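340 is the number of the first residue of the sequence shown in the UniProt record's numbering; add one for each residue after it.
We put the CB at the ideal spot given by N, CA and C, even for glycine.
These numbers come from a predicted model, not from an experiment.
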Amino acid sequence: AVPLVAAISTSISAQNGLLIRNRTAFEKSRKITLLAFDKTGTLTEGIFGVNLVKAIDTNYDNKKILQLGAALENHSNHPLAQGITNKAKEENIQIPEAEEFENMTGKGVRATVNNMKVAAVGPAYLEENDIEIPKTDEIKNYETVVYILADNKIAGLITLADKIRDASQSAIKSLQANGIKTYIITGDNENVAKSVSEELKMDGYFAGILPDEKQEKVKELQNKGEVVAMTGDGINDAPALATADVGIAVGSGTDIAAETADIILVNSNPQDIASLIKFGKATFTKMI
Ligand code: ADP
Ligand code: MG
340 AVPLVAAIST
350 SISAQNGLLI
360 RNRTAFEKSR
370 KITLLAFDKT
380 GTLTEGIFGV
390 NLVKAIDTNY
400 DNKKILQLGA
410 ALENHSNHPL
420 AQGITNKAKE
430 ENIQIPEAEE
440 FENMTGKGVR
450 ATVNNMKVAA
460 VGPAYLEEND
470 IEIPKTDEIK
480 NYETVVYILA
490 DNKIAGLITL
500 ADKIRDASQS
510 AIKSLQANGI
520 KTYIITGDNE
530 NVAKSVSEEL
540 KMDGYFAGIL
550 PDEKQEKVKE
560 LQNKGEVVAM
570 TGDGINDAPA
580 LATADVGIAV
590 GSGTDIAAET
600 ADIILVNSNP
610 QDIASLIKFG
620 KATFTKMI
C-alpha cells in the first residue's frame, strides 16, 4: 500500500500547495486529532497596519514614539516591524540610526538610538521585567500592542491589526467536520488570540507563548492523548514542529523550520491543510 499512498499523496500535494518532505507524513496525517496553528501569516494575512500611536510618558510626543519604533523595526523582518516602518515612511518621518541592534526572539527588539537604550516589545517582555502594563481604553481586543521603552520605562505604545484570511473560516469548519480540534499557539497577546479563536469558532488557544514554550505546549497536548499537527514559521518554531506528530512549515518560513517539517505549506493557506487531512482520511477508507 505504501507506493499507492506515495503516488496519491504526491498528486494531492501538487494540486493543493503542499510539499510533502516525509513520505510517512501523509500516512500520519489521517491520525491527527488536533491541529495547532500559529496565528500570524497562517490564519491571518500577516500584514499589519498601524491603528494608533500614543505617547504615555509626557517627555515624548506621538511622532517621537513612531520615530523610535521605526528606528528599531527598520532592522527587523517581523510582520509587526513592516507595519511600523511603513507607517513612519507614510508620515515622512525621518528614521534615525540604531546601534547595537538585538533581536529578542518572541519578545521584541532593542538597540541604542540617539545614545538612548530603546526597545519595542510585547507583553511577555514587560512581564519578565516587572514593567507595569499601562492602562488605556483605546486598545481594541483584536489589536496587537507594541510598547516602546526608553531606558527600560514605557515611553509609548503602537497598536497594529492584521486581517483574518478569507480561507480560514472554511478551513476550520472543514477540519472540525472531520473530527479535528483546532487550536492557536501564538506569542501574540491574550486578547488577539481570543478574538481570532472566537471569530473562527476554534476549540481553544494558547497566547503569550514564548518560542521555547511552544514545544512544551505540543507535549502537553500529546500527553492528553492528542495526535498533534502544528504549523509554524521561523527558526524559533523548529523545535515545536519537530515535536509535533506532523510538523507543517508555512511558505515564507526559514530554511531551518522547513528542514524540521514533514510538510511545507507553500501558499501559507490553511485550506490546503484541511484538504490534505480530508483526502488522507478518504484515501485510507478506500484502502481498507
Ligand atoms: P507568533 O507566535 O505569533 O509567531 P512571534 O513569536 O513572532 O509570534 O512574536 C511574539 C510576540 O513578540 C509578538 O506578538 C510581539 O509582541 C513580540 N515581538 C516579536 N518581534 C517583535 C518586533 N520586531 N517588534 C515588536 N514586538 C515583537
Ligand atoms: Mg511567528
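DSSP three-state call for residue i: helix, strand or coil?
i           : result
A463        : helix
R360        : coil
K446        : coil
E429        : helix
V341        : Any reading at V341 must be qualified, since the residue scores a pLDDT of 47, below 50, and its modelled position is unreliable; no value is offered.
I371        : coil
G385        : coil
T397        : coil
L543        : Here residue 543 turns out to be Gly, not Leu, going by the sequence shown. Residue state, collapsed to three classes: strand.
residue 628 : Outside the shown range of the chain (340 to 627) lies residue 628, about which nothing can therefore be said.
A489        : strand
Could you spell out where the alpha helix (DSSP H) holding residue i opens and where it closes?
i    : result
T521 : Counting along the chain, T521 falls outside any alpha helix (DSSP H), though it belongs to the beta strand (DSSP E) covering 520 to 524.
V531 : 529 to 538
A579 : 577 to 582
L604 : It is not in any alpha helix (DSSP H) - L604 instead sits in the beta strand (DSSP E) that spans 602 to 604.
Cβ-heavy atom distance between residue i and ligand 1 below 7 Å?
i    : result
T379 : yes
E412 : yes
P473 : no
V452 : no
N468 : no
G385 : no
A420 : yes
S509 : no
A597 : no
P609 : no
P550 : yes
T525 : yes
How many whole angstroms separate the CB atoms of residue i and residue j, which I take to be in contact at a CB cut-off of 8 Å?
i    : j    : result
F387 : T483 : 7 Å
L391 : I497 : 7 Å
G356 : L604 : 7 Å
Taking 8 Å as the threshold (C-beta atoms), are residue j and residue i in contact?
i    : j    : result
G408 : I487 : yes
L405 : K426 : yes
Following the continuous beta strand (DSSP E) through residue i, name the residue where it begins and the one where it ends.
i    : result
N390 : 388 to 394
V585 : 585 to 589
T570 : 567 to 571
So does residue i have its beta carbon nearer than 7 Å to some heavy atom of ligand 3?
i    : result
G388 : Looking for ligand 3 in the displayed structure turns up nothing; the ligands present are ligand 1 and ligand 2.
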